[in-house]
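Asks:
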Ligand code: 6SD
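Residue numbers (our numbering): 1 to 243.
Here it is in structure tokens:
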């Protein structure tokens with residue numbers, strides 16, 4: 001899969017060289033291209049922002065550098081992907097739809113995603129309107145809180161969907177059991193020693209009885225989810241029923 005990121009802080013994404021995704025990149029499973037928005041400016045100060053029309057606090061990202069950068073990415077994609085679908089363009093925004101594990105699964109199936117990281121008070125609206133005429137555009141929110149820019153949101157999204165791209169995570173079974181994959185939170189995990197600071201591992205986990213272990217873990221998942229995330233619990237019950 002190919003991912004392009006447009007940002008005024010390209011070095012922010014240097015950490016993607018390490019960890020699981022770094023390995024996937026080295027193996028060619030994950031083709032990452034980070035673009036400095038300022039490379040598409042043509043003034044001495046490499047200006048990417050200006051004052052808002054209509055007045056108000058803060059600055060707005062100018063449309064021209066965005067247009068030039070996205071044109072170059074989309075033109076190259078059209079040439080390479082020859083007649084295929086244009087990439088999905090994602091702009092992190094507190095005004096977008098909330099990113100969930102379902103979004104991560106959907107993004108992991110996309111052959112090419114372009115992320116646009118806003119800063120300041122955001123990007124001139126015409127960039128979104130224009131981009132939507134050339135490609136599929138989605139505004140996506142990491143959650144109901146305000147960040148200073150899109151970079152942290154893009155990093156979180158890449159980490160969430162990157163590990164779902166086939167071949168990126170070592171053991172695919174580990175993906176099925178974790179929080180949110182089945183609409184429930186994870187069961188608690190334990191490792192050796194069996195007794196630590198007067199605390200015992202739940203005896204059922206030492207019993208070797210696989211069916212009982214599975215039953216205990218499912219109970220723990222349901223109880224935890226009901227207590228911490230009643231919204232998820234109600235949705236799970238509606239789909240799976242009381243039994
Ligand atoms: C100015 C941005 C881009 C500012 C954001 C996204 C979420 N969930 N909270 N805040 C955000 C994204 C804020 O550019």
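Quick reminder that beta carbons are idealized off the backbone N, C-alpha and C, glycines included.
Give me the residue from 62, 119, 128 and 90 with the minimum Cα distance to residue 106.
Replies: Here the closest residue by C-alpha is 90.
Asks: Taking the beta strand (DSSP E) that residue 141 falls in, what are its first and last residues?
Replies: Residues 136-141.
Asks: Give me the residue from 57, 41, 94 and 78 with the minimum Cα distance to residue 68.
Replies: Closest option to residue 68, Cα to Cα, is 41.
Asks: Mapping DSSP to helix, strand and coil, what is residue 204?
Replies: Helix.
Asks: Tell me the residue span of the beta strand (DSSP E) that contains residue 95.
Replies: That run of the beta strand (DSSP E) goes 88-98.
Asks: Quick check: what's the CA-CA separation for residue 83 versus residue 47?
Replies: Looking at the two C-alpha atoms, the distance is approximately 35 Å.
Asks: Three Cβ pairs or more, each shorter than 8 Å: is that satisfied between the segment 116-129 and the segment 170-177?
Replies: No, they do not touch.
Asks: Just curious, the alpha helix (DSSP H) that residue 162 is in, first and last residue?
Replies: First-last of the alpha helix (DSSP H) with residue 162: 151-162.
Asks: Using a 10 Å radius around the Cβ and a threshold of 16 neighbouring Cβ atoms, would you call residue 221 buried or exposed?
Replies: Counting Cβ neighbours within 10 Å, residue 221 comes out buried, since at least 16 surround it.
Asks: Does the ligand 6SD have even one heavy atom less than 7 Å from the beta-carbon of residue 37?
Replies: Residue 37: no, Cβ never under 7 Å from the ligand 6SD.
Asks: Identify the continuous beta strand (DSSP E) that holds residue 35 and give its terminal residues.
Replies: Taken as a continuous stretch (DSSP letters only), the beta strand (DSSP E) holding residue 35 covers 31-36.
Asks: Note down the Cα distance separating residue 102 from residue 58, rounded to an integer number of angstroms.
Replies: Their backbone Cα atoms lie some 34 Å apart in a straight line.
Asks: Once the 5 residues before and after residue 45 are set aside, which same chain residues still bring their CB inside 8 Å of it?
Replies: Contacts found: none.
Asks: Among 19, 125, 114 and 185, which residue has its Cα nearest to the Cα of residue 75?
Replies: The shortest C-alpha separation from residue 75 is found at 114.
Asks: For the ligand 6SD, any of its heavy atoms closer than 7 Å to the Cβ of residue 143?
Replies: Answer for residue 143: yes, Cβ within range of the ligand 6SD.
Asks: Report the residue from 231, 172, 110 and 190 whose alpha carbon sits nearest the alpha carbon of residue 136.
Replies: The shortest C-alpha separation from residue 136 is found at 110.
Asks: Hey, residue 185 and residue 218: beta-carbon distance below 8 Å or not?
Replies: Against a cut-off of 8 Å, the Cβ pair of residue 218 and residue 185 comes out as no contact.
Asks: Would you identify the three-state DSSP class for residue 240, choosing helix, strand or coil?
Replies: Residue 240: helix per DSSP, three-state reduction.
Asks: Report the rounded CA-to-CA distance for residue 30 versus residue 213, giving the unit in angstroms.
Replies: Answer to the nearest angstrom: the Cα atoms are 37 Å apart.
Asks: Going by alpha carbons, who is nearest to residue 142 out of 132, 161, 134 and 100?
Replies: Minimum Cα distance to residue 142 is reached at 100.
Asks: Considering only C-alpha positions, which residue in the set 7, 8 and 32 is nearest to residue 16?
Replies: With distances taken between Cα atoms, residue 16 lies closest to 32.
Asks: Using three-state DSSP, classify residue 41 as helix, strand or coil.
Replies: The answer is coil: DSSP assigns residue 41 none of H, G, I, E or B.
Asks: Starting from residue 22, trace the alpha helix (DSSP H) in both directions and tell me its first and last residue.
Replies: Taken as a continuous stretch (DSSP letters only), the alpha helix (DSSP H) holding residue 22 covers 19-26.
Asks: Confirm the yes/no value for this check: CB of residue 146, any heavy atom of the ligand 6SD, distance under 7 Å.
Replies: Correct: residue 146 has its Cβ closer than 7 Å to the ligand 6SD.
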